[in-house]
Amino acid sequence: MRSDPRNSDISGARFERALEVVMASYVKRTIRLNPSQARSLSGIADRRGLSEYAMLLKVIDAGFLSVLHGTDKETDLAELACEIGAISERLAEAERVLDRTLFTACAAYAYARHAALGTKKSDETIAAEARAAFERQRSLALEIEP
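For any residue, its number in the working numbering is found by taking its place in the sequence shown, counting from 1, and adding 1.
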């Protein structure tokens with residue numbers, strides 16, 4: 002059985018010094034969490050396998066880092082806007098390619114149909130039918146189904 006280190010003069014002095022160093026490293030604070038914050042903290046701690054106290058320390062550390070280093074919302078919003086613009090441009094380009102693909106398919110169908118039926122229609126008439134088929138297919142694609 003170990004004796005209390007404070008019982009000997011040498012060990013007691015070391016213990017007191019170690020205690021002073023530890024206590025000087027931390028400052029005790031009391032905080033109050035509203036019920037929603039308490040539930041969130043508890044849930045996050047459970048998911049990460051930590052005690053609520055350990056999770057609270059991590060949350061406080063993350064908060065300090067956020068405050069010290071900033072979250073620079075203006076830069077973040079500008080970057081987001083730039084990326085959304087780039088995605089929008091690429092989406093418009095993809096839509097143009099899809100429209101061209103749909104028109105090509107409609108034209109191929111119209112010409113193949115006329116060839117299979119053996120009709121004698123002009124290219125302008127077949128192209129008009131292909132455009133009409135394209136418009137029909139495009140409007141069907143834009144309909145919102147329940």
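All C-beta atoms in this analysis are idealised placements derived from N, C-alpha and C, irrespective of residue type, glycine included. These numbers come from a predicted model, not from an experiment.
Cutoff 6 Å; reference residue i; Cβ partners in own chain excluding five residues on either side
i	result
Ala131	Cys107, Ala108 and Ala111
Spatial neighbours of residue i in its chain, beta-carbon cut-off 7 Å, leaving aside the 5 residues before and after
i	result
Leu92	none
Leu34	Leu42
Phe135	Leu103, Phe104 and Cys107
Leu118	none
Reduced DSSP secondary structure (H/G/I, E/B, other) of residue i
i	result
Lys122	coil
Val178	Lying outside 2 to 147, the shown extent of the chain, residue 178 is not represented and no answer is given.
Thr31	coil
Glu144	coil
Ser37	helix
Arg7	With a pLDDT of 48 at Arg7, under the threshold of 50, the modelled position of this residue cannot be trusted, and the question is left open.
Gly71	coil
Gly86	helix
Gly50	coil
Pairwise C-alpha distance: residue j and residue i
i	j	result
Leu141	Leu66	52 Å
Leu51	Leu78	33 Å
Gly1	Gln38	Residue 1 lies beyond the stretch modelled for the chain, which goes from 2 to 147, so this question has no answer here.
Asp124	Glu80	50 Å
Ile32	His70	23 Å
Thr120	Ser89	44 Å
Arg3	Arg49	Confidence in Arg3 is poor, its pLDDT being 48 and thus under 50, which makes the residue's placement too unreliable to answer from.
Gln138	Leu58	59 Å
Arg114	Ile127	10 Å
Tyr54	Val68	21 Å
Pro36	Arg30	19 Å
Ile145	Lys122	35 Å
Ser26	Ile61	16 Å
Gly86	Ala116	45 Å
8 Å CB neighbourhood of residue i in its chain, flanking five on each side removed
i	result
Cys83	none
Leu99	none
Assumed close pair residue i, residue j - CB separation to whole angstroms, cut-off 8 Å
i	j	result
Ala46	Met56	4 Å
Residue burial classification, residue i (beta-carbon count within 10 angstroms, cutoff 16)
i	result
Ala95	exposed
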